[in-house]
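**Student:** Dumping the structure here so I can ask a few things about it.
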Amino acid sequence: MTDDAPDPVVASLSADRYDEFRRIVDYAFHPDAGPQEYDDEPERIADRYGAFVDDDLVSVCGHYDLRANLRGEWARLAGLAAVATPPEHRREGYVGALVDDALERWRGEYPLSALWPFSRSYYEQFGWATANTATTYTCPPDQLSFARGAAQGRARPVEPDEWRVLQSVHETAAERTTLALKRRSETWWRERILSEGGDDRPWAYVWERDDEVCGYLVYDFEDAGEGFEQRRLAVDDMAAVDHEARLGLLGFLADHDSQATEIRFAAAGRTDLLDLVPDPDAVDCEVETGPMVRVVDAADALETCPYPAEANADLTLAVTDATAEWNDGVFDLAVADGEADCAPRDADAETVDPDATLDVGTLAQLVVGYHDVASARRVGDLSVADESVADAFAALFPTERVYLRTFF
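Everything in the sequence shown is counted per this note's numbering, starting at 307 for the first residue and increasing by one.
And the structure:
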């Protein structure tokens, strides 16, 4: 907060503030669309909050109540989104007030929070850190020809009323991936994924095997360059229960060679496709950072985190957190047979040298498995007292396949 900026009050937004909320969000994220007219408030997918100075709404955000895979178990995940401030109120610290309020509200209920940043460095200052990378492939359809006939089954189109079969595939695929979301609501599927009732409704197909749906694609066609013949098939959402079902989907995409000059789709931050296509040089493979993750409460996150069954350790951690003061201190972590107890050390307790020191962002990356210990020491903020501590950390926090692909 700047010295002359008044302290805002953060509160949930009532329905009569919906138009004002939408105007602020649309100006921040869709300014090229110009001023809009809004219908009645739709069914809420997120809870809306705002920072007020007197009765003026100066900044807004949305909170999502999510469930995500955390190392093979389901955990609550708080999503932060639609963070927006009108230009006349920017650089007054109002987003910081929204973040402080959100962390206070989430504490005790959500061990972790995630967001999709407009600027990575902006949210790093509040304690979020990269959760995963994602790979975007762009290639001619014939580069996917290796998958034609490689999978048993068939593709068929689906309508929004069949959203539950897509949800089943989504949940099955999520069981293998940390930070994948467990459930999307019917409203989320119909409005966010399948754009029911919208002007630009995407195409949706499923892959069936033995009369069971085991994969799906949601995609659009778009211009891929100058000229009528340049068209791209762009996949918006894709999931498969196993590798064979994924091959079925890739083979289906390959069969669009008469309609598209290139295919674009995203996957977890690996480059496996390059080992399958006939000509890797014909595939544009771009790896980029994705969403960000944050520990809400260090003790809660370290107790919630599933550990290997054979893991045992007694460690003292010094955590730094410039935003959430309850995380900024020393914690005692005891893990026995995969179960953990963690508590902050009392301020008047005997001073000890910590086994490890790290910031709250690096802690989140270790908890979800984005970094292994060696990477956290090399490119993160982890420092350890000796190599035996590094070995203990490595046993507690093996890497995971982390891929939060649902945008919110």
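The C-beta atom is built at its ideal place from N, Cα and C for all residues, glycine as well.
Keep in mind the model is a prediction, meaning the values are calculated, not measured.
Taking Cβ to Cβ, would you say residue 383 is nearer than 8 angstroms to residue 373?
**Tutor:** Their beta carbons are under 8 angstroms apart, which means residue 383 touches residue 373 by this criterion.
**Student:** For residue 403 and residue 314, I'd like the C-alpha separation in whole angstroms.
**Tutor:** Going from the Cα of residue 403 to the Cα of residue 314 covers about 7 angstroms.
**Student:** Using a Cβ-Cβ cutoff of less than 7 angstroms, which residues in the same chain neighbour residue 347 once the five nearest sequence positions on both sides are dropped?
**Tutor:** Closer than 7 angstroms at Cβ, skipping near neighbours: 321 and 324.
**Student:** Does the segment 568–584 come close enough to the segment 437–455 to have 3 or more Cβ pairs within less than 8 angstroms?
**Tutor:** Touching, yes, given that three or more Cβ pairs across the two stretches are closer than 8 angstroms.
**Student:** Could you tell me the distance, in whole angstroms, from the CA atom of residue 702 to the CA atom of residue 617?
**Tutor:** Using only the alpha carbons, I get a separation of about 6 angstroms.
**Student:** Could you tell me which of 482, 491, 505 and 483 sits nearest to residue 472, measuring between CA atoms?
**Tutor:** When each option's Cα is compared against that of residue 472, the closest is 491.
**Student:** According to the Cβ coordinates, are residue 460 and residue 514 closer than 8 angstroms?
**Tutor:** Yes. Within cutoff.
**Student:** To the nearest angstrom, report how far apart residue 506 and residue 336 are at their CA atoms.
**Tutor:** Their Cα atoms are separated by approximately 16 angstroms.
**Student:** Can you name the residues that DSSP bridges to residue 358?
**Tutor:** DSSP output for residue 358 lists 315 and 363 as bridge partner(s).
**Student:** By DSSP, does residue 513 sit in helix, in strand, or in coil?
**Tutor:** DSSP places residue 513 in strand when its eight states are reduced to three.
**Student:** Am I right that residue 683 and residue 482 are in contact with their C-beta atoms under 8 angstroms? What's the rounded C-beta distance?
**Tutor:** Rounded, the Cβ-Cβ distance is 28 angstroms, inconsistent with contact.
**Student:** Please name the residue in 399, 345 and 390 whose C-alpha comes closest to that of residue 311.
**Tutor:** It is 399.
**Student:** Going straight from the alpha carbon of residue 546 to that of residue 598, what length do you get?
**Tutor:** Distance between the alpha carbons of residue 546 and residue 598 is about 24 angstroms.
**Student:** When the Cα of residue 674 is compared with those of 485, 638, 477 and 523, which residue comes out closest?
**Tutor:** When only C-alpha atoms are compared, the closest one is 485.
**Student:** Return yes when the Cβ of residue 368 is within less than 8 angstroms of the Cβ of residue 345, no when it is not.
**Tutor:** Contact flag unset, no.
**Student:** Grab me the residues of residue 542's own chain with a C-beta within less than 8 angstroms of its C-beta, minus the 5 sequence neighbours each way, in chain order.
**Tutor:** Excluding residues within five positions, the ones whose Cβ falls inside 8 angstroms are 499, 508, 524, 525 and 526.
**Student:** On the three-state DSSP scale, how would you describe residue 658?
**Tutor:** Residue 658 falls in the coil class under three-state DSSP.
**Student:** With DSSP run on the structure shown, which of helix, strand or coil describes residue 592?
**Tutor:** Correct three-state label for residue 592: strand.
**Student:** Thinking C-alpha only, which one of 495, 647, 444 and 455 is nearest residue 588?
**Tutor:** That would be 444, whose Cα lies nearest to the Cα of residue 588.
**Student:** Does DSSP put residue 425 in a helix, in a strand, or in coil?
**Tutor:** Residue state, collapsed to three classes: coil.
**Student:** Given a cut-off of 8 angstroms, decide if residue 696 and residue 685 are closer than it, judged by their beta-carbon atoms.
**Tutor:** Result no, Cβ atoms of residue 685 and residue 696 do not sit closer than 8 angstroms.
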